[in-house]
Every structure is written in C-alpha cells, then in structure tokens.
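S.K.: Position 261 of the sequence shown, counted from 1, bears residue number 277 in my numbering, the numbering being contiguous throughout.
The beta-carbon is built from N, C-alpha and C at its ideal position, and this holds for glycine as well.
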Amino acid sequence: MMTTNPPSQPEADFGMIGLAVMGRNLVLNLTDHGFEVAVFNRTSSRTDTFLAQNHGRSIRGFADLGSFVGSIERPRRILLMIAAGQPVDDQISALVPLLDPGDVIIDGGNSLFTDTARRQEELTRVGIHFVGAGISGGEDGARFGPSIMPGGDPRAWPIVKDALTAIAAKAEGEPCCAWIGQGGAGHFVKMVHNGIEYGDMQVIAEAYDVMGRGLGMGAPDMRPHFERWNDGKLDSYLIGITASVLGHNQDDGTPTVDVIVDATGQKGTGKWTVMASMEHPTPVSLIAESVYARIVSSLRDERADAAAYLGGTNESIEGDTHQIVADLHDALYASKIISYTQGFMLLRAASEEHEWHLDFGTIAGLWRAGCIIRSTFLDDITAAFRANPGLTNLLLDDFFRGEITSAIDGLRRTVSRAATAGIPVPAYSAALAFFDSFRSKKLPANLTQAQRDYFGAHTYERTDRPRGEWFHTDWMDDQADRSAFQ
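(1) L348: which of I424, L42 and R134 sits nearest, CA to CA?
(2) Given 8 angstroms as the limit, is there contact between the stretch 362-371 and the stretch 459-474, that is, 3 or more CB pairs closer than that?
(3) Can the beta-carbon of Q136 be found closer than 9 angstroms to that of G148?
(4) Below 9 angstroms between beta carbons: does that hold for M97 and L42?
(5) For S313, name the three-state secondary structure that DSSP assigns.
(6) Under three-state DSSP, which class holds A259?
(7) Kindly give me the distance between the Cβ atoms of D343 and G426, rounded to whole angstroms, as I take these residues to be in contact under 8 angstroms.
(8) Tell me whether F376 sits in a helix, a strand or coil according to DSSP, three-state version.
(9) Hey, could you find the ends of the alpha helix (DSSP H) G86 is sitting in?
(10) Going by DSSP in three states, K186 sits in which element: helix, strand or coil?
(11) In the DSSP assignment, the beta strand (DSSP E) including D123 goes from what residue to what residue?
(12) Measure the beta-carbon distance from I388 to Y214 and round it to whole angstroms, keeping in mind my assumption that it falls under 8 angstroms.
(13) My parser needs the alpha helix (DSSP H) runs of 4 or more residues fully inside the stretch 92-156; what are they?
(14) At a Cβ threshold of 9 angstroms, is F401 touching chain B?
(15) Comparing alpha-carbon positions, which option in L394, D225 and L115 lies nearest L250?
(16) Could you check the C-alpha separation between T430 and I340 for me, to the nearest Å?
(17) Find out if the Cβ-Cβ distance for the pair I353, F401 is shorter than 9 angstroms.
(18) Taking the CB atoms as reference points, tell me whether L46 and A194 lie closer together than 9 angstroms.
(19) Rounded to a whole number of angstroms, what is the C-alpha to C-alpha distance between G375 and T289?
(20) Could you round the C-beta distance between V53 and S74 to whole angstroms and report it? I think they count as a contact, below 8 angstroms.
(21) Kindly identify the DSSP beta-bridge partner or partners of M165.
(22) Where does V55 sit, in a helix, a strand or coil, going by DSSP?
(23) Would you mind reading off the limits of the alpha helix (DSSP H) that contains R506?
(24) Considering F12, what are the terminal residues of the beta strand (DSSP E) in which it resides?
(25) What would DSSP say about G418, mapped onto helix, strand or coil?
(26) Count Cβ pairs between the stretch 159-177 and the stretch 379-387 that sit closer than 8 angstroms; are there 3 or more?
(27) Give every residue of the same chain whose Cβ lies closer than 7 angstroms to the Cβ of L35, excluding the five residues on either side of it in the sequence, and list them in chain order.
(28) In three-state DSSP terms, what is G202?
(29) Beta carbon of S127, beta carbon of H209: below 9 angstroms?
(30) Pull up the distance between the alpha-carbon of D321 and that of H203, whole angstroms please.
(31) Suppose you measure from the CA of G168 to the CA of T132; what does that come to, to the nearest Å?
(32) Using DSSP with H/G/I as helix, E/B as strand and the rest coil, what is R76?
(33) Could you tell me the boundaries of the beta strand (DSSP E) in which G31 lies?
(34) Quick one, which of T436, Q218 and P405 has its alpha-carbon nearest V312's?
(35) At what residues does the alpha helix (DSSP H) containing N41 begin and finish?
(36) Under a Cβ-count criterion, where at least 16 other Cβ atoms within 10 Å of its own Cβ denotes burial, should M238 be classed as buried or exposed?
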C-alpha cells in the first residue's frame, strides 16, 4: 500500500530508489533475507504495481521522497538502481537535504569510476557516506544472489556490510561481496569485469563463427560441442547459455539464433575499459578487439555493400573436423587466459596509481558466482592469487604457464585456418599477438624509437648504457641528406 506521509517511527531498515528489473529483484532478495525495505520510484505507478504484485512482503512504498527517507532507520542505507550519469547526480542532489550525517547512499549502477570518486569527495564534505557498488548477475543474479563490488567511503562498509553480503551470491560458502577500496575502486573493478565479459562473449562468438562458416555446422550441430565444453575447463555461465541459445527453435523449427540480426549493442563499460587501459598504460588488446567487433557488427548496411563489392568471406575450412573443433576449444581457452591476464594487469596498474591496494585473490573470488563471467576457471585464478598475493601476471603462475603452453598450438592453428579462410577472429588474433609479444625478449620497438628520435628528437636509451640515460642522434649526416627532406 502506497504511503504519502512518514510513519511516526521509522520501520524500514533499507531503502531502494529505482524499480526497474534490477531494483525490483534486489528488493525481493533483501526481503528474502529479513530486511524491511522502503521503495521509491520517480514514476509512482510503477511503485503501486510492484507493491500489488508482492503483497505480504516487507515492502513499504512511497510517492514522495521525503516520506521515503523518513521511513528508514538511521543511519539510513539507500541504494540507487537508476541510470548512470546525470540521473545519479540529480537523485543525490534531491536526497542530500533530507539526510543526516552518517547516512549512506549506495550507487549500484554502472557508473564511471571517476564520477564515483567525485561523488564520494562531495558527499564526504557534508557528512554523507557514499558507496559505488558494482553489481553483476543480471536480473536472476539480482533476485537470487549477485556478485557485488563495493568501494568508496570506507566508513560506510560496517554500515552496509550485513545487507550486501546477505543478498550476494555464495561461492563455497563465501559471499561474493567484499570491500574493494576507496574512491572509484568498486566501480573500476566492475568496469573491468564487464570488459572481460565483452572478451568472453567475443571468443565464444568466434568459435561459433568458425564452426558455422568454416565447418558448415548449423546450430543443432554446434550445441553438443558447447555442452561438452561446459563439462570441462570451459565450464561457465556464458558457455552454458550459449548451448541453450543454440538449442532454442522457432515454431517452424528454425533455430532462433539464425533469425537474430547480426548487430551487437553495447552500453559503454567495454569502451570505458579500453579508455582506462590508455590512461593506465596496459595492453587490454583482446577486450579492445571485442569492443571494435561490436562496432563493426553495427555497420550492417556498409558490410552488405562491401560484401557485394569486395566479395564475401564464406570460405570453408578443410581438414579433420574433430581436430579443428579440438583446436577451437584450445583457442577459446587460451584466449580466455590472455583476456583475464590483461584484465588483472589493468587492475594492478590502476591500483598502484590510485593507491587502492586491491586484493586480486578477493576480486577473482567475487566473480566465482552470481556474475555473468562466473566460471570454474575463476577458481584457478583465485587460487593463484591467494597462493601468491604478489603475483604480477597470471602467465607467470606455474599453473597458468602450463595451461597456456598446452593450449597455444590450438590457438595458433585456429588463427591460421581462419585467416586462410577469410573468417575474422579478432579476439583470437589479439590473444596470440599478445602472447608472442609478451614472451619476446626483444621487440622491434628499437626501430620505432629511432624513428621517433629522427623526426622529433624524442631521444632513446642504449643497450650498452644504464636505463634512464637518454641519447639523441643527428640522423642526417650531410646537407644532401637534409635537402632530400625539404
């Protein structure tokens, strides 16, 4: 029943603003765990409908913000599940005059980490605690247990910990929720999670494409392979739902996936991850190629014109199908190792720059259940970082060195076959290029640095002198050389 006036005594112990799918399901999750929840939505009719659908639950709805705030016990805990960007700032501005020092605002949307850091600083000045909490798991995760990555004002954590850990997914009895760090740390970790998610989806899509265009398989032929893969090293939520997608048919028997337009959308977190990799110089090349693959997919009309003008790329791959599919499995697995390696490299770089002191074993542990990238594979990453908290790179861990060594030939053969057949595999190619570059004692960057010194006097270091000493060469020895460039 909608309430318009504040009760004589506050009765709710948690507040929710925003009743779209994620907000609604998080409210139900909270009530399942014994919390009395006050809810407010800008469109009050949505609140009325939600209350009517959930009569009997410990939910109180409010038509105005003042009554909503007044219904919550202090220190108030209010979770925002609204669109990122200006709507968050507008909602905070409306809330602050109604709150008391020590109250907590939690932003559970996909906010840019720099916005979260700014909001924490601004709210700290008026005595309000602010938390930027990345929440992953989609609508089912929100309902039954998501992965939650809270960061911001550390004084807020003891106030919100009981609620957030209660509703989080559990992995081997551990809640997939832990304090990440100050400022924008929580949303940065969620952003990288989403970037890795882009990569996971792309490497799966490339396996699907090679099976389809290269081997002539239809969805029913592919499904058993993904089901088998989901019983092994690739066991994951995304592999599992891929098998389900491939098994779904229209009423006439046509695989549903075949009638879906081949243009992928995005909401920005993948792009932010790539941008952050430039700002914290780290090569997240597989994630970048996954973002660009979505952008290329959106050029559908241009691609159709190019196919007609330049010729299509639907060439088949010849050879032993069993071996080709086995190599595809290894290509996907090796690429996944590289993608997570790069993601944790970015987390380390940002942690050092912002002094977040991120615990990578804890972060990997948060992703083992509830979130979109949950997989058996994350147990191995968690174990690696917990065994060696100072591990600087996953490829330098004994377990992952063995895994990448055993899978890399399959990746190499898959990239070669796809390139020969004209089937684009940008994520696989990026993974292989990074692996070969990372393990190269010498790269051609010495020539690039010489070129930079030639045209811009950028200087260079020498192999026969200590690092940190810089040199410049006058590359044009005589006037004749100079005149050629005038």
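M.R.: Once the coordinates are examined:
(1) The residue labelled residue 348 in the question sits at position 332 within the sequence shown. Residue I424 is the option with its Cα nearest to L348.
(2) As far as the Cβ criterion goes, the stretch 362-371 does not touch the stretch 459-474, which means the pair count is below three.
(3) Taking the sequence shown and counting its residues from 1, the one referred to as residue 136 is at position 120. Taking the sequence shown and counting its residues from 1, the one referred to as residue 148 is at position 132. The answer is yes: Cβ separation under 9 angstroms.
(4) The residue labelled residue 97 in the question sits at position 81 within the sequence shown. The residue labelled residue 42 in the question sits at position 26 within the sequence shown. M97 is a Cβ neighbour of L42, given a cutoff of 9 angstroms.
(5) Counting from 1 along the sequence shown, the entry for residue 313 is found at position 297. Collapsing the DSSP output to three states places S313 in a helix.
(6) Translated into positions along the sequence shown, residue 259 becomes position 243. A259 falls in the helix class under three-state DSSP.
(7) Along the sequence shown, read from residue 1 onward, the residue named residue 343 stands at position 327. Along the sequence shown, read from residue 1 onward, the residue named residue 426 stands at position 410. Correct: roughly 4 angstroms between the Cβ atoms.
(8) Locating residue 376 in the sequence shown gives position 360, counting from the first residue. Helix.
(9) For the purposes of this step, residue 86 is taken as residue 70 along the sequence shown, with counting starting at 1. G86 -> alpha helix (DSSP H) spans L81 to G86.
(10) In the sequence shown, residue 186 corresponds to position 170, counting from 1. K186 falls in the strand class under three-state DSSP.
(11) What you label residue 123 is simply residue 107 of the sequence shown in a count that begins at 1. Secondary structure note for D123: its beta strand (DSSP E) is the uninterrupted segment V120 to D123.
(12) The residue you call residue 388 lines up with position 372 of the sequence shown. The residue you call residue 214 lines up with position 198 of the sequence shown. With 8 angstroms as the limit, I388 and Y214 do not qualify as a contact, their Cβ atoms being about 10 angstroms apart.
(13) Note on the stretch 92-156: whole alpha helix (DSSP H) runs with a minimum of 4 residues are 102-111 and 129-140, in chain order.
(14) Absent from the structure is chain B; it holds one protein chain and no more.
(15) In the sequence shown, counting from the first residue as 1, residue 250 sits at position 234. Ranking the options by Cα distance to L250, first place goes to L394.
(16) Residue numbering aside, residue 430 sits at position 414 when the sequence shown is read from its first letter. Residue numbering aside, residue 340 sits at position 324 when the sequence shown is read from its first letter. Using only the alpha carbons, I get a separation of about 7 angstroms.
(17) For the purposes of this step, residue 353 is taken as the residue at position 337 of the sequence shown. For the purposes of this step, residue 401 is taken as the residue at position 385 of the sequence shown. Judged by their CB atoms, I353 and F401 are not nearer to each other than the 9 angstroms cut-off.
(18) The sequence position of residue 46 within the sequence shown is 30, counting from 1. The sequence position of residue 194 within the sequence shown is 178, counting from 1. No; because the gap between Cβ atoms is not below 9 angstroms, this pair is not in contact.
(19) The sequence position of residue 375 within the sequence shown is 359, counting from 1. The sequence position of residue 289 within the sequence shown is 273, counting from 1. Checking the displayed sequence, the identity of residue 375 turns out to be Asp instead of Gly. Near 19 angstroms, if we compare the C-alpha coordinates of T289 and D375.
(20) Taking the sequence shown and counting its residues from 1, the one referred to as residue 53 is at position 37. Taking the sequence shown and counting its residues from 1, the one referred to as residue 74 is at position 58. The Cβ separation is near 7 angstroms, so the contact holds.
(21) Counted from its first residue, the sequence shown places residue 165 at position 149. The partner list for M165 (beta bridge, DSSP) reads G150.
(22) In the sequence shown, counting from the first residue as 1, residue 55 sits at position 39. Reduced to three states, the DSSP call for V55 is strand.
(23) In the structure as shown, the chain starts at 17 and stops at 502, and residue 506 therefore has no counterpart that could be examined.
(24) Absent from the model: residue 12. The displayed extent of the chain is 17 to 502, so no value can be given.
(25) As a position in the sequence shown, residue 418 is number 402, starting the count at 1. Three-state result, G418: helix.
(26) The stretch 159-177 makes contact with the stretch 379-387: 3 or more CB pairs, one atom from each, lie closer than 8 angstroms.
(27) Within the sequence shown, residue 35 is the residue found at index 19, counting from 1. Excluding residues within five positions, the ones whose Cβ falls inside 7 angstroms are V55, N57, R62, T63 and F66.
(28) Within the sequence shown, the letter at position 186 stands for residue 202. In the structure shown, G202 sits in a helix (DSSP, three-state: H, G or I).
(29) Sequence index remark: in the sequence shown, residue 127 carries index 111 (1-based). Sequence index remark: in the sequence shown, residue 209 carries index 193 (1-based). Contact: no.
(30) Residue numbering aside, residue 321 sits at position 305 when the sequence shown is read from its first letter. Residue numbering aside, residue 203 sits at position 187 when the sequence shown is read from its first letter. Cα-Cα distance, rounded: 40 angstroms.
(31) By one-based count along the sequence shown, residue 168 stands at place 152. By one-based count along the sequence shown, residue 132 stands at place 116. Each residue's alpha carbon lies about 7 angstroms from the other.
(32) One-based indexing of the sequence shown puts residue 76 at position 60. When DSSP states are grouped into helix, strand and coil, R76 belongs to the strand group.
(33) Numbered from its first residue, the sequence shown carries residue 31 at position 15. Counting along the chain, the beta strand (DSSP E) containing G31 begins and ends at F30 to I33.
(34) Reading the sequence shown from its first residue, position 296 is the one you call residue 312. Cα-wise, what sits closest to V312 is Q218.
(35) Position 25 of the sequence shown, counting from 1, holds the residue named residue 41. For N41, the uninterrupted alpha helix (DSSP H) segment begins and ends at V37 to D48.
(36) Sequence index remark: in the sequence shown, residue 238 carries index 222 (1-based). Buried, since its Cβ has 16 or more Cβ neighbours within 10 Å.
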